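Asks: With my numbering applied, the sequence shown closes on residue 291, and no number is skipped along the way. Just so you know, even glycine gets a beta-carbon here, dropped at the ideal spot from N, CA and C. Please read all numbers here as calculations on a predicted model, not as lab measurements.
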Amino acid sequence: MVSGKRKVILKADNISKVVEEKGKKLVIFDSISFEIREKEIVSILGPTGSGKTSILNMVVGLEKPTAGEIFYRGEPLDSERHIVPLIPQQPISLPWLTVQENIEVVLEAKGIPLRQRIRTALKYIDLMGLDSFEDTYPRELTLAMRQRLSFARALSVEEELLAMDDPFTTLDSLTAEDLREEFIRLWLENQLVVKGILLTTTNVEEAVYFSDRVYVLSRRPGRLLDIVDINMPHPRDRDSKEFADIMDHIYSVLLAL
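1) For a quick check, are the C-beta atoms of Val139 and Leu131 less than 8 Å apart?
2) Comparing C-alpha positions only, which one of Leu148, Arg254 and Asp200 sits nearest to Glu240?
3) Mind checking which residues open and close the alpha helix (DSSP H) that includes Leu222?
4) Where Ser245 and Ile264 are concerned, what is the direct C-alpha to C-alpha distance, given to the nearest angstrom?
5) Are the Cβ atoms of Ala101 and Asn48 separated by less than 8 Å?
6) Is it right to say Gly80 is buried, meaning 16 or more other beta carbons lie within 10 angstroms of its own, or is it exposed?
7) Can you look up Pro172 in the DSSP assignment and give me helix, strand or coil?
8) Relative to the C-alpha of Leu259, which candidate in Leu60, Asp271, Ile231 and Ile284 has its C-alpha closest?
9) Name the two residues that bound the continuous alpha helix (DSSP H) containing Val93.
10) Quick one, which of Val287, Ser190, Arg214 and Ala197 has its alpha-carbon nearest Asn91's?
11) Using 8 Å as the cut-off, can you tell me whether the stretch 226 to 233 makes contact with the stretch 142 to 153, which would need three or more C-beta pairs spanning the two stretches below that distance?
12) Measure the C-alpha to C-alpha separation of Asn224 and Ile78 and round it to an integer number of angstroms.
13) Tell me Arg71's beta-bridge partners as DSSP assigns them.
14) Take Ser286 and list the residues in its own chain whose beta-carbon comes closer than 6 Å to its own, dropping the five residues that flank it on each side.
15) As an exercise, report each continuous beta strand (DSSP E) stretch of at least 3 residues that is fully enclosed by the stretch 245 to 275, in chain order.
16) Please classify Val76 as buried or exposed, where buried requires at least 16 neighbouring CB atoms within 10 angstroms.
17) Can you pull the DSSP bridge partners for Ala101?
18) Do Phe68 and Ser84 have their C-beta atoms closer together than 8 Å?
19) On a CA-only basis, which of Leu183, Leu141, Leu288 and Tyr249 is nearest Leu213? Give me that one, please.
20) Quick one: Cα of Lys86 to Cα of Thr235, how far?
21) Mind checking whether Gln124 and Thr204 have CB atoms under 8 Å apart?
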C-alpha cells in the first residue's frame with residue numbers, strides 16, 4: 035500500500051481476455067494489471083479496440099477474465115456483493131419512466147425504502163443539473179441531458195467505486211467540457227459518496243486532466259505500455275508546462291506503437 039497509505043479498493047492481477055472468432059482464438063488484451071486506491075481517479079487510456087471496455091465490463095461483473103483475477107478490498111471480485119455502477123458511452127434509460135423514476139428504479143432494486151429513494155433521487159437530480167426535469171421523459175431530453183441522467187443514476191446508488199466508459203465521447207466538445215468541469219468539481223468538493231473512479235478513454239488530455247494515474251495500453255491485443263503517475267493538484271491548468279509535458283510523454287508512448 036503506497037500513495038499516502040491510501041487503501042486499495044480494486045486490484046486487477048494479470049488479467050487477459052481471449053475470445054473465439056471464426057474458429058480462431060482472438061486475444062483482446064493480455065496480462066493487464068492495475069489498481070485503484072481510495073480518493074483516486076484512475077484512467078485506462080488506449081486506442082479503440084485495445085480492450086478498455088472489456089476490462090471495465092469485468093470490473094462491473096458483466097464479463098470474466100480468461101486468465102488472471104480481480105480483487106475487491108483483497109477478496110475475489112463478486113458482482114453480487116461488490117456492486118460497481120457504470121456510466122456508459124451512450125446514455126441508457128427506460129423510455130417509459132420519467133427522470134426521477136429512472137433513478138428511483140435502481141434504488142428500488144437495492145431494496146431502499148420509498149422515502150429514501152425519493153430523497154436520494156432528488157439529491158442527484160439536483161447535483162447533476164437536472165432540477166426541474168424530474169417529471170420529464172428521456173425522449174424529451176437532449177443527448178447531453180440524457181447523459182447527465184446516466185451520471186445521476188450511477189451516482190445515486192452510492193457505492194464506493196464508480197466505472198466510467200468514455201462517458202463524454204458522444205457529446206460535442208463544449209458540452210463535454212462543461213460536464214467534465216462539473217463532475218470534477220463535485221469530486222473535489224467531496225459531494226459524492228464514491229471513493230474511487232475507473233475511467234476508460236481515448237482522449238489523452240481528458241486522462242491527464244482527471245487522473246491520478248494513467249495506464250496506457252497498446253493497440254489490440256491490448257498490453258500495458260506505461261504507467262503514468264500524475265501529481266498535479268486539482269483543478270489542473272491545461273496551459274501549464276507540467277500538463278503539456280505529461281501529455282507529450284503519453285503521446286510519445288502511443289506514437290511509438
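Replies: In this structure, then:
1) If you number the sequence shown from 1, residue 139 lands on position 105. If you number the sequence shown from 1, residue 131 lands on position 97. Yes.
2) The count along the sequence shown starts at 1 and reaches residue 240 at position 206. Out of Leu148, Arg254 and Asp200, Asp200 has the C-alpha closest to the C-alpha of Glu240.
3) Against the sequence shown, residue 222 aligns to sequence position 188. Counting along the chain, the alpha helix (DSSP H) containing Leu222 begins and ends at Ser207 to Leu222.
4) On the sequence shown, residue 245 is found 211 positions in, with the first residue counted as 1. On the sequence shown, residue 264 is found 230 positions in, with the first residue counted as 1. Going by the C-alpha atoms only, they are around 7 Å apart.
5) In the sequence shown, the residue the question calls residue 101 occupies position 67. In the sequence shown, the residue the question calls residue 48 occupies position 14. Yes, the pair counts as a contact, with Cβ atoms nearer than the cut-off.
6) The count along the sequence shown starts at 1 and reaches residue 80 at position 46. Buried, since its Cβ has 16 or more Cβ neighbours within 10 Å.
7) Within the sequence shown, the letter at position 138 stands for residue 172. Looking at Pro172 - three-state DSSP - the assignment turns out to be helix.
8) For this step, residue 259 is matched to residue 225 along the sequence shown. Checking every option, the nearest Cα to that of Leu259 belongs to Ile284.
9) Here residue 93 is taken as the residue at index 59 of the sequence shown, counted from 1. Per DSSP, Val93 belongs to the alpha helix (DSSP H) from Lys86 to Val93.
10) For the purposes of this step, residue 91 is taken as the residue at position 57 of the sequence shown. For Asn91, the nearest C-alpha among the options comes from Ala197.
11) no
12) Indexing the sequence shown from 1 puts residue 224 at position 190. Indexing the sequence shown from 1 puts residue 78 at position 44. Near 23 Å, if we compare the C-alpha coordinates of Ile78 and Asn224.
13) Here the question's residue 71 lines up with position 37 in the sequence shown. Per DSSP, Val42.
14) The residue you call residue 286 lines up with position 252 of the sequence shown. Result list for Ser286: empty, nothing under 6 Å.
15) 247 to 251 and 258 to 263
16) Here the question's residue 76 lines up with position 42 in the sequence shown. The residue in question, Val76, is buried, as its Cβ has 16 or more Cβ neighbours within 10 Å.
17) Along the sequence shown, read from residue 1 onward, the residue named residue 101 stands at position 67. DSSP lists Ser50 as partners of Ala101.
18) Residue 68 sits at position 34 when you count from the first residue of the sequence shown. Residue 84 sits at position 50 when you count from the first residue of the sequence shown. No, the Cβ-Cβ distance between Phe68 and Ser84 is not below 8 Å.
19) For this step, residue 213 is matched to residue 179 along the sequence shown. The option with the nearest alpha carbon to Leu213 is Leu183.
20) By 1-based counting over the sequence shown, the position of residue 86 is 52. By 1-based counting over the sequence shown, the position of residue 235 is 201. Taking the straight line from one Cα to the other gives about 8 Å.
21) The sequence position of residue 124 within the sequence shown is 90, counting from 1. The sequence position of residue 204 within the sequence shown is 170, counting from 1. Yes, the pair counts as a contact, with Cβ atoms nearer than the cut-off.
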